[in-house]
Amino acid sequence: MKSEQIRSTFLEFFNNKKHEIVASAPMVIKNDPTLMFTNAGMNQFKEYFLGNSTPKSDRVVDTQKCLRVSGKHNDLEEVGVDTYHHTMFEMLGNWSFGDYFKKEAIAWAWELLVDVYGMDKDSLYVTIFEGDASEGLERDTEAYDYWATLIDKDRILNGNKKDNFWEMGDQGPCGPCSEIHVDLRSDAEKAKVDGATLVNNDHPQVVEIWNLVFMQFNRMADGSLKTLPAQHVDTGMGFERLAMALQGKTSNYDTDVFQPLITEIETITGHPYGKKQEDDIAIRVISDHVRAVSFSIADGQLPSNTGAGYVIRRILRRAIRYGFTYLDKKEPFIYMLVQTLAHQMGDAFPELKSQKDLITNVIKEEEQSFLRTLDQGLILLDSMIASAKANSSNQIEGSKAFELYDTFGFPIDLTALILREKGMQLDEAGFDKAMQEQKNRSRAASATSSTDWTELRKDDTQEFVGYDRLEADVFITKYRMVSSKKEGDMYQLVFNMTPFYGESGGQTGDKGYLESASGDTVYIIDTKKENGQTVHLTKNLPKDLNGPHKAVVDLHQRQRSAANHTATHLLHQALRKILGTHVEQKGSMVRSASLRFDFSHFAKLSPEEITQIEQFVNARIAEHLELEENRSNTYEQAIKDGAIGLFGEKYGDVVRTIKFGASHELCGGTHVKNTADIWHFKIKSEGAVAAGIRRIEAITGDAVKEYFEQQSETLEEIKTALKSSSQDPVESVKSLQEENAALKKEIEQLLKDKAGNLKGDLIASATEVNGVNFISTSTDLDTKSIKDLAFEIDREMDNLFMILGSNADDKATLTVIISKNLVDEKQLNAGTIVRELGKHIQGGGGGQPHFATAGGKNPQGIAAALEAAKSYL
Ligand code: SER
Numbered sequence: 001m002k003s004e005q006i007r008s009t010f011l012e013f014f015n016n017k018k019h020e021i022v023a024s025a026p027m028v029i030k031n032d033p034t035l036m037f038t039n040a041g042m043n044q045f046k047e048y049f050l051g052n053s054t055p056k057s058d059r060v061v062d063t064q065k066c067l068r069v070s071g072k073h074n075d076l077e078e079v080g081v082d083t084y085h086h087t088m089f090e091m092l093g094n095w096s097f098g099d100y101f102k103k104e105a106i107a108w109a110w111e112l113l114v115d116v117y118g119m120d121k122d123s124l125y126v127t128i129f130e131g132d133a134s135e136g137l138e139r140d141t142e143a144y145d146y147w148a149t150l151i152d153k154d155r156i157l158n159g160n161k162k163d164n165f166w167e168m169g170d171q172g173p174c175g176p177c178s179e180i181h182v183d184l185r186s187d188a189e190k191a192k193v194d195g196a197t198l199v200n201n202d203h204p205q206v207v208e209i210w211n212l213v214f215m216q217f218n219r220m221a222d223g224s225l226k227t228l229p230a231q232h233v234d235t236g237m238g239f240e241r242l243a244m245a246l247q248g249k250t251s252n253y254d255t256d257v258f259q260p261l262i263t264e265i266e267t268i269t270g271h272p273y274g275k276k277q278e279d280d281i282a283i284r285v286i287s288d289h290v291r292a293v294s295f296s297i298a299d300g301q302l303p304s305n306t307g308a309g310y311v312i313r314r315i316l317r318r319a320i321r322y323g324f325t326y327l328d329k330k331e332p333f334i335y336m337l338v339q340t341l342a343h344q345m346g347d348a349f350p351e352l353k354s355q356k357d358l359i360t361n362v363i364k365e366e367e368q369s370f371l372r373t374l375d376q377g378l379i380l381l382d383s384m385i386a387s388a389k390a391n392s393s394n395q396i397e398g399s400k401a402f403e404l405y406d407t408f409g410f411p412i413d414l415t416a417l418i419l420r421e422k423g424m425q426l427d428e429a430g431f432d433k434a435m436q437e438q439k440n441r442s443r444a445a446s447a448t449s450s451t452d453w454t455e456l457r458k459d460d461t462q463e464f465v466g467y468d469r470l471e472a473d474v475f476i477t478k479y480r481m482v483s484s485k486k487e488g489d490m491y492q493l494v495f496n497m498t499p500f501y502g503e504s505g506g507q508t509g510d511k512g513y514l515e516s517a518s519g520d521t522v523y524i525i526d527t528k529k530e531n532g533q534t535v536h537l538t539k540n541l542p543k544d545l546n547g548p549h550k551a552v553v554d555l556h557q558r559q560r561s562a563a564n565h566t567a568t569h570l571l572h573q574a575l576r577k578i579l580g581t582h583v584e585q586k587g588s589m590v591r592s593a594s595l596r597f598d599f600s601h602f603a604k605l606s607p608e609e610i611t612q613i614e615q616f617v618n619a620r621i622a623e624h625l626e627l628e629e630n631r632s633n634t635y636e637q638a639i640k641d642g643a644i645g646l647f648g649e650k651y652g653d654v655v656r657t658i659k660f661g662a663s664h665e666l667c668g669g670t671h672v673k674n675t676a677d678i679w680h681f682k683i684k685s686e687g688a689v690a691a692g693i694r695r696i697e698a699i700t701g702d703a704v705k706e707y708f709e710q711q712s713e714t715l716e717e718i719k720t721a722l723k724s725s726s727q728d729p730v731e732s733v734k735s736l737q738e739e740n741a742a743l744k745k746e747i748e749q750l751l752k753d754k755a756g757n758l759k760g761d762l763i764a765s766a767t768e769v770n771g772v773n774f775i776s777t778s779t780d781l782d783t784k785s786i787k788d789l790a791f792e793i794d795r796e797m798d799n800l801f802m803i804l805g806s807n808a809d810d811k812a813t814l815t816v817i818i819s820k821n822l823v824d825e826k827q828l829n830a831g832t833i834v835r836e837l838g839k840h841i842q843g844g845g846g847g848q849p850h851f852a853t854a855g856g857k858n859p860q861g862i863a864a865a866l867e868a869a870k871s872y873l
């Protein structure tokens, strides 16, 4: 069975059992402060398990793109070493939100695996939760009894809390789980060792394929368990492992999910798969990582230096480095695999097809830049080795290796490999220590804790009224305290309804205040969305928690954000009109102060294009376009009507569309009622974020007024500074520039004349030492002139050994030039000599045997260096 069919069979099977098929949520999570990537199918349904909102269907089925880069087996450094763990994988899942429970979940899992997929019953084992006295939890006999009607009792194994009790996090819904494992070994191997002893024992061919989680508890902040009001089912089956089992393979990488990529890597690198262990690991790493990185870029997350982008960068760099070291690829090549991936998975995940060019370009540029870093790292490592050797040590300090890793992104295993090849050692303990210290620092900085929610009144769906009003009479329904080192103690409040916009879709959250009936006020310093509810952040808890409050949004801040948000829509429209419809939004940040818009486009914008874009947006503002809003469209209908949606964005069943004239987008943000409210739009900067992604930063309204005022003040200051009688400062600047250029020329000529005189003097000053023409002197020329002078004298004089010292701005330099014939005949090396003489000026340097320079901070040492130079002859 082809993997495509395995996937569709799963979805159809549960669809026939009345499960609604839903789309995978994006792999990159944008609106959840607790999670960067989807790491389990249940992430997108958290709000249903928590009871924050009610799902439209209580039975759902899907395949979810997941990414795991930490945890026991999914430690990034481990992936590719074995044959059945991945960074990115698909998780097939069926879900019951308060509907069916253990009986159906177990029966259907069995029916699908055995009757539909045709798996051999005798290759399967199941585990059930054995109970845990410390938690006061009983053995899951209910699950056992259901399994006992389907499978031999000796194939039902007990599992402990670690393997058979699934928890979403430190707090929240959890429950016992029942896993299905498959034994893919040959009959001969099975006869030798009982498969039951290999379950959950890291055997590559006895692996878990499906986890059925029975959510029945809520883990409280104090660690206790509370029974949930409704019971849910969350199942997760590893798609790649299922393909391995159904396609009769013993490695996920041998299935048709990975084979096309592996064949392509073999072709590009000329290294066959299955011949040499090191090559195989490299090929597995690359075929796994290119998927993770491509899916992430398609979801809008590019490699970068922080957060989720940094995780992606590290994954890609790991792949590049495996190609570099084991497959001899010193040039970019991973980007070439995107074509194969898009071809293979583009039907199930169309975003791969539609964004193929962008993904390819981003990966290629990232490869180029990291290969350059690797080169720099190698040079640095060479100098570390040289200085260790100079100190008669054969060890590189761990902190130095960590610096290479941390600052230059130079992988530690590559450092270790190179050191081994050069007969050197790495201080691994020192490296681990430095790494641990850094982890501790960042953990301490980001650690947060929260108390349980205190419920004040029942209210299961929260209403957002902030599109229409900025004030509402509300009740606090629940609150809790959150503490973090960075921000101290804060309170999170949830209301029965709210006019406050919670940060999402790139727009920052509203600020404002909450006023009790008696006039007590607490400030709302930010608003966020968490698990489907709007959470208001305050420094203090309101005195009256039960009474009604007036919730008031800061009008000025909201107006500015709204103007900026509408401006991003008009900017998007302008870009597509002026640059072309290839432009796609790749990210945006709408704050009250300014807006930022990232989009796909392959060239720098010219000043004319920028002006055209500004004019286009300002023309829409001048047209006084009214907001046309629809809050109750279906996604399909909105797209059909021409609204633009974004990849990597999670849309609900009912969507909101925003129209200003011909600009028409799916959007949940807040907007002006009329484009006239934006007043004016001004682009402040345009630049590159990554290959093929540009960023525009712009301002609107009051901020433009402030900007123009500042510009005009600056102009006045320039006029004053120019002290020019001319009324036109541009003319004055131009004439200054001309004057400057003429002066520069004059100085160059003067220096040349001076060097010319010096040349004659120097040649005349040469003394003969052991058949060598030796020149040594101090000069105050600049470095370029010294270099030119040295090469000129070298051309005119044979058997030359010249050393020049100079002192400019308290920086000492030494320049040594040696005739090429002497380099060989007398074994003289300018590079080595200048490095040694550099000690006199407290510096270092190097270069070629023929010509080399050193720089140092002690000009007093120049004389000694010049004197010592003679000793080489
Ligand atoms: N939540 C469970 C898991 O991630 C089952 O989907 O394994």
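Numbering (UniProt numbering), first residue to last: 1 to 873. By construction, the Cβ of each residue, glycine as well, lies at the ideal position given by its N, Cα and C atoms. Computed from a predicted structure; not experimentally measured.
Q) If you follow the beta strand (DSSP E) that F851 is part of, which residue opens it and which one closes it? A) In the sequence shown, residue 851 corresponds to position 851, counting from 1. Its beta strand (DSSP E) spans residues F851 to G856.
Q) If you measure from the CB of T63, is any heavy atom of ligand 1 nearer than 7 Å? A) Against the sequence shown, residue 63 aligns to sequence position 63. Flag unset: Cβ of T63 not near ligand 1.
Q.
Can you give me the C-alpha to C-alpha distance between M345 and L198, rounded to a whole angstrom?
A. Looking up residue 345 in the sequence shown gives position 345. Looking up residue 198 in the sequence shown gives position 198. One C-alpha to the other measures close to 33 Å.
Q: Just mark P499 as buried or exposed, buried being the case when its beta carbon has 16 or more other beta carbons within 10 Å.
A: Residue 499 sits at position 499 when you count from the first residue of the sequence shown. P499 is buried by the Cβ-count criterion.
Q. Along the chain, which unbroken stretches of the beta strand (DSSP E) at least 3 residues long are found entirely within the region 532–556?
A. 533–538 and 549–553
Q: May I have the straight-line CA-CA distance separating Y491 from D510, to the nearest angstrom?
A: Taking the sequence shown and counting its residues from 1, one reaches residue 491 at position 491. Taking the sequence shown and counting its residues from 1, one reaches residue 510 at position 510. About 16 Å.
Q) Would a C-beta distance cut-off of 8 Å place S96 and A143 closer than the cut-off? A) Along the sequence shown, read from residue 1 onward, the residue named residue 96 stands at position 96. Along the sequence shown, read from residue 1 onward, the residue named residue 143 stands at position 143. Against a cut-off of 8 Å, the Cβ pair of A143 and S96 comes out as no contact.
Q.
For I21, which residues in the same chain have their Cβ closer than 6 Å to its Cβ, ignoring the five residues on either side in sequence?
A. On the sequence shown, position 21 is the one that residue 21 refers to. Counting only Cβ-Cβ distances below 6 Å, and skipping sequence neighbours, we find L11, N15 and V61.
Q | Integer-rounded CB distance, given that D234 should sit under 8 Å from Q247 | A | Start at 1 with the first residue of the sequence shown, and residue 247 comes out as number 247. Start at 1 with the first residue of the sequence shown, and residue 234 comes out as number 234. Going by Cβ atoms, the distance from Q247 to D234 rounds to 26 Å, so no, they are not a contact pair.
Q. Sorted by chain position, which residues of the same chain lie with C-beta nearer than 7 Å to I763's C-beta, five sequence neighbours on each side aside?
A. Within the sequence shown, numbered from 1, the residue matching residue 763 stands at position 763. Counting only Cβ-Cβ distances below 7 Å, and skipping sequence neighbours, we find I793, E796 and M797.
**Q.** V233 in three-state terms, based on DSSP
**A.** Translated into positions along the sequence shown, residue 233 becomes position 233. Of the three classes helix, strand and coil, the one that applies to V233 here is strand, per DSSP.
Q: Starting from E471, follow the beta strand (DSSP E) in both directions and report where the run begins and ends.
A: Against the sequence shown, residue 471 aligns to sequence position 471. It spans E471 to V474 - the beta strand (DSSP E) in which E471 sits, taken as one unbroken run.
(Q) Taking the alpha-carbon of K18 as reference, which of R835, Y100, E584 and V126 has the nearest alpha-carbon? (A) Start at 1 with the first residue of the sequence shown, and residue 18 comes out as number 18. Ranking the options by Cα distance to K18, first place goes to Y100.
Q: Would you kindly check if the distance between the Cβ of A690 and the Cβ of E331 is under 8 Å?
A: As a working mapping, residue 331 is identified with position 331 in the sequence shown. As a working mapping, residue 690 is identified with position 690 in the sequence shown. No, the pair does not count as a contact, with Cβ atoms beyond the cut-off.
Q.
Quick check on L575: does DSSP put it in helix, strand or coil?
A. Working through the sequence shown from its first residue, we reach residue 575 at position 575. L575 falls in the helix class under three-state DSSP.
(Q) I believe residue 877 touches L822 by the beta-carbon criterion, under 8 Å. Please report the beta-carbon distance rounded to the nearest angstrom. (A) What is shown of the chain runs 1 to 873, which leaves residue 877 out entirely.
Q: Determine the closest residue to N630 out of V655, A105, S251 and I610, with distance taken between C-alpha atoms.
A: Here residue 630 refers to the residue found at position 630 when the sequence shown is read from its first residue. Selected option, being the one with the closest Cα: V655.
Q. How would you write the range of the beta strand (DSSP E) that residue 874 sits in, first residue to last?
A. Given a span of 1 to 873 for the chain in the structure shown, any question on residue 874 remains unanswerable.
**Q.** L547 and A567 closer than 8 Å at C-beta
**A.** Within the sequence shown, residue 547 is the residue found at index 547, counting from 1. Within the sequence shown, residue 567 is the residue found at index 567, counting from 1. Reading off the sequence, residue 547 comes out as Gly, not Leu. No; because the gap between Cβ atoms is not below 8 Å, this pair is not in contact.
Q. Mind checking whether the beta-carbon of G93 lies closer than 7 Å to any heavy atom of ligand 1?
A. Translated into the one-based positions of the sequence shown, residue 93 becomes position 93. Yes, Cβ of G93 sits closer than 7 Å to a heavy atom of ligand 1.
Q. Along the chain, which unbroken stretches of the alpha helix (DSSP H) at least 4 residues long are found entirely within the region 786–867?
A. 820–825 and 830–837
Q) Hey, out of A863, V114 and E4, whose CA is closest to L124's CA? A) Counted from its first residue, the sequence shown places residue 124 at position 124. For the residues A863, V114 and E4, the minimum Cα distance to L124 belongs to V114.
Q) Who are the Cβ neighbours of G58 in its own chain at under 7 Å, not counting the five residues just before and after it? A) The sequence position of residue 58 within the sequence shown is 58, counting from 1. Looking at the sequence provided, one finds Asp at residue 58 rather than Gly. S96, F97, G98 and D99, listed in sequence order.
Q) When you compare only the Cα positions, how much space is there between E351 and D299? A) The count along the sequence shown starts at 1 and reaches residue 351 at position 351. The count along the sequence shown starts at 1 and reaches residue 299 at position 299. One C-alpha to the other measures close to 8 Å.
Q | Under the three-state DSSP convention, the category I225 falls into | A | Indexing the sequence shown from 1 puts residue 225 at position 225. It should be noted that the sequence gives Leu, not Ile, for residue 225. Three-state result, L225: strand.
Q. Would you call E428 buried or exposed, if buried means 16 or more other Cβ atoms sit within 10 Å of its Cβ?
A. As a working mapping, residue 428 is identified with position 428 in the sequence shown. Classification for E428: exposed.
Q | Complete alpha helix (DSSP H) runs within the region 410–454 (minimum length 4 residues, chain order) | A | 412–421 and 428–446
Q) Is the closest heavy atom of ligand 3 to the C-beta of A191 under 7 Å? A) By its list of ligands, the structure shown excludes ligand 3, since it contains just ligand 1.
Q | Counted within 10 angstroms of its Cβ, other Cβ atoms place T267 as buried (16 or more) or exposed | A | The residue you call residue 267 lines up with position 267 of the sequence shown. With fewer than 16 other Cβ atoms within 10 Å, it is exposed.
Q. Alpha carbon to alpha carbon, how far is A676 from I639?
A. Here the question's residue 676 lines up with position 676 in the sequence shown. Here the question's residue 639 lines up with position 639 in the sequence shown. Straight-line Cα distance between these residues: approximately 27 Å.
Q. Is it the case that the CB of T454 approaches a heavy atom of ligand 1 more closely than 7 Å?
A. Here residue 454 corresponds to residue number 454 of the sequence shown, with the count starting at 1. No, the beta carbon of T454 sits no closer than 7 Å to any heavy atom of ligand 1.
Q. Beta carbon of I841, beta carbon of A808: below 8 Å?
A. Within the sequence shown, numbered from 1, the residue matching residue 841 stands at position 841. Within the sequence shown, numbered from 1, the residue matching residue 808 stands at position 808. Contact flag unset, no.
Q) According to DSSP, is F660 helix, strand or coil? A) Taking the first residue of the sequence shown as 1, we reach residue 660 at position 660. It is a strand residue.
Q: Could you tell me if the beta carbon of D170 falls within a distance shorter than 7 Å of some heavy atom in ligand 1?
A: For this step, residue 170 is matched to residue 170 along the sequence shown. No - ligand 1 has no heavy atom lying nearer than 7 Å to the Cβ of D170.
Q: May I have the straight-line CA-CA distance separating I803 from K857, to the nearest angstrom?
A: For this step, residue 803 is matched to residue 803 along the sequence shown. For this step, residue 857 is matched to residue 857 along the sequence shown. Roughly 18 Å between the two C-alpha positions.
Q.
Under 7 Å: does the beta carbon of A109 sit that close to some heavy atom of ligand 1?
A. Locating residue 109 in the sequence shown gives position 109, counting from the first residue. Answer for A109: no, Cβ out of range of ligand 1.
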